[in-house]
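One structure is given here, and the rest of the page talks about it.
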Amino acid sequence: MARKTESSAFSVLSASRMIRITYLMALALIFAFSLPTHISASRIYTTKEHIFPEFIKWHIYVVNGLSNNQDLFTHCKSTENDLGIHNIPSGSNITWSFRTDFAHSTLFWCYVRKDYDASSSSTFDVFWYYHPLFEKCNWKNCIWVAKDDGIYLKDLSKNVDELIHGWYSGM
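Have a look at this one:
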């Protein structure tokens, strides 16, 4: 009789361990499948920065690429930060750094205009939670360039300037 009790106790203990192991394996599988994997051309991203962009320190640059020594008037902000008004001389830039929030709601935008000319202005987002933007910014540096025909984003993955916004006439 003692043997049967030991055997029953051992079975209960083994079953308890098996349930615990099965539960842990299920959690591990759920975690593994919930991690986003980014596929681009011939690369698969799996580093913590690509899975969790919140760990990246992002840098935004707004560059004055206008001709004829024109200044670029800028006013950039987010919902939490007003970065102030700046007049950027030709060939210069403003820059700032930040980390995104875990809610993926970080958004920065800018109002820019040519050399005190309200008839040539543009308002646009310079950072938002969007994986194609992250790729173009090489996962850390978003470079926006104001040129005579519009606002460009430097696509660092292809090393080209991509026209994103034109200049608006009027206010």
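Residue numbers (our numbering): 1207 to 1377. Ideal placement from N, C-alpha and C gives every residue a C-beta, glycine not left out. Since the model is a prediction, treat every value here as computed from it, not as a measurement.
Under the three-state reduction of DSSP, residue 1339 is assigned to helix. Look at residue 1285 here: in three-state DSSP terms it is coil, with no helix or strand label. Here residue 1262 carries a coil assignment [DSSP, helix/strand/coil]. Collapsing the DSSP output to three states places residue 1319 in a strand.
Under the DSSP assignment, residue 1367 falls in the beta strand (DSSP E) whose first and last residues are 1366-1371.
Counting C-beta atoms within 10 angstroms of its own C-beta, residue 1369 has fewer than 16 neighbours from the protein chains shown and is therefore classed as exposed. By the neighbour-count criterion, in which 16 or more other beta carbons inside 10 Å mark a residue as buried, residue 1329 falls on the exposed side.
Assigned with DSSP and collapsed to three states, residue 1228 falls in helix. If you compare the alpha carbons of 1332, 1291, 1349 and 1272 with that of residue 1279, the shortest gap goes to 1291. Using a Cβ distance threshold of 8 Å, residue 1342 and residue 1361 count as a contacting pair. Boundaries of the beta strand (DSSP E) around residue 1352: 1347-1353. Residue 1351 is not a Cβ neighbour of residue 1282, given a cutoff of 8 Å.
Residue 1320 has its alpha-carbon roughly 11 Å from the corresponding atom of residue 1374.
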